[in-house]
Amino acid sequence: MKRIVLSIAAAMVVAVVVLAGLGWRAWNTGTDADGTVTVRVVPGASLHSVSADLQRQGVLNHRRLILLAARIRDDGHRLEVGRYEVPRSASPREILHILLSGGTMPVVVTLPEGLEAAALASIVADSLDLSVAAILAAADSLIAGNADALMTPDERARIAAIAGAGARPGGRGIHWCEGYLAPDTYHFAEGTHVEAVAEALVELQLARVDSALAVAGPAAASLSPHGLLTLAAVVE
Numbered sequence: 000m001k002r003i004v005l006s007i008a009a010a011m012v013v014a015v016v017v018l019a020g021l022g023w024r025a026w027n028t029g030t031d032a033d034g035t036v037t038v039r040v041v042p043g044a045s046l047h048s049v050s051a052d053l054q055r056q057g058v059l060n061h062r063r064l065i066l067l068a069a070r071i072r073d074d075g076h077r078l079e080v081g082r083y084e085v086p087r088s089a090s091p092r093e094i095l096h097i098l099l100s101g102g103t104m105p106v107v108v109t110l111p112e113g114l115e116a117a118a119l120a121s122i123v124a125d126s127l128d129l130s131v132a133a134i135l136a137a138a139d140s141l142i143a144g145n146a147d148a149l150m151t152p153d154e155r156a157r158i159a160a161i162a163g164a165g166a167r168p169g170g171r172g173i174h175w176c177e178g179y180l181a182p183d184t185y186h187f188a189e190g191t192h193v194e195a196v197a198e199a200l201v202e203l204q205l206a207r208v209d210s211a212l213a214v215a216g217p218a219a220a221s222l223s224p225h226g227l228l229t230l231a232a233v234v235e
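Read in order, the letters of the sequence shown correspond to residues 0 to 235 in numbering that gives the first Met the number 0.
In structure tokens form, the structure reads like this:
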């Protein structure tokens, strides 16, 4: 009887060692696939959902290993919002390190010249999963709140009237921020709040206007910042 018990115990030890070896090998072994995938971690995302997405993309074969390792290390709650570049050949150990490293990729948004505010806001919204209306509203608020410094009383009254016309059924108005969203290439962090996005676009344009007015000197003395933007739009 004692010999049987010892045999069973020995078999169990061997099984544990074999399983541990297989687990360790799977933990440190990736695939032979080339290239990378971009993983998005949005606000509220969990390691469970992110690893499921990686599994669906064929990058992660042993999802449970990542979840188990994160639980043991108590690291599963440390996912930072952002975009991560994961090699398709990465092992589960490497993937977990990437996701917990905080080394996120920026969201690159390029706004070309010559587009109206709504079109520019649409490009930003598509890139950052934001609402076009929310971006325009935030930018409109920034310009309307600083209208006294940007416009003459006549310009301000005219913009207010046209913007108001767009709010009526059948009316076609313009946004306060029309002309104030700077064309450029931006690098945003995933999850950047809409107000911060609008502020980045508007502040860059206002900085350019200030620079242009300073360079023009006395020749632009009669122009408000809004007048300069209007003149630039006409010339363009």
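Note that CB positions come from ideal geometry on N, CA and C, so glycine has one too.
Residue 70 has no beta-bridge partner at all, per DSSP. For residue 55, no beta strand (DSSP E) segment is defined; the enclosing uninterrupted segment is the alpha helix (DSSP H) at 46-55. The region 186-198 and the region 76-90 touch, with no fewer than 3 CB-CB distances between them shorter than 8 Å. In this structure, residue 116 keeps its C-beta atom at 7 Å or more from the C-beta atom of residue 197. If you compare the alpha carbons of 205, 155, 194 and 43 with that of residue 179, the shortest gap goes to 205.
Considered as a whole, the region 121-189 harbours 184-187 as its complete beta strand (DSSP E) runs of no fewer than 3 residues, in chain order. Listed in chain order, the non-local C-beta contacts of residue 131 below 6 Å within the same chain comprise 120, 121 and 124, local neighbours out to five positions each way being set aside. Per DSSP, residue 87 is not a residue of any alpha helix (DSSP H), being assigned neither H nor E. Counting the other Cβ atoms within 10 Å of the Cβ of residue 98 gives 16 or more, which makes it buried. By the neighbour-count definition (other C-beta atoms within 10 Å, threshold 16), residue 48 is an exposed residue. DSSP lists 82 as the beta-bridge partner residues of residue 39.
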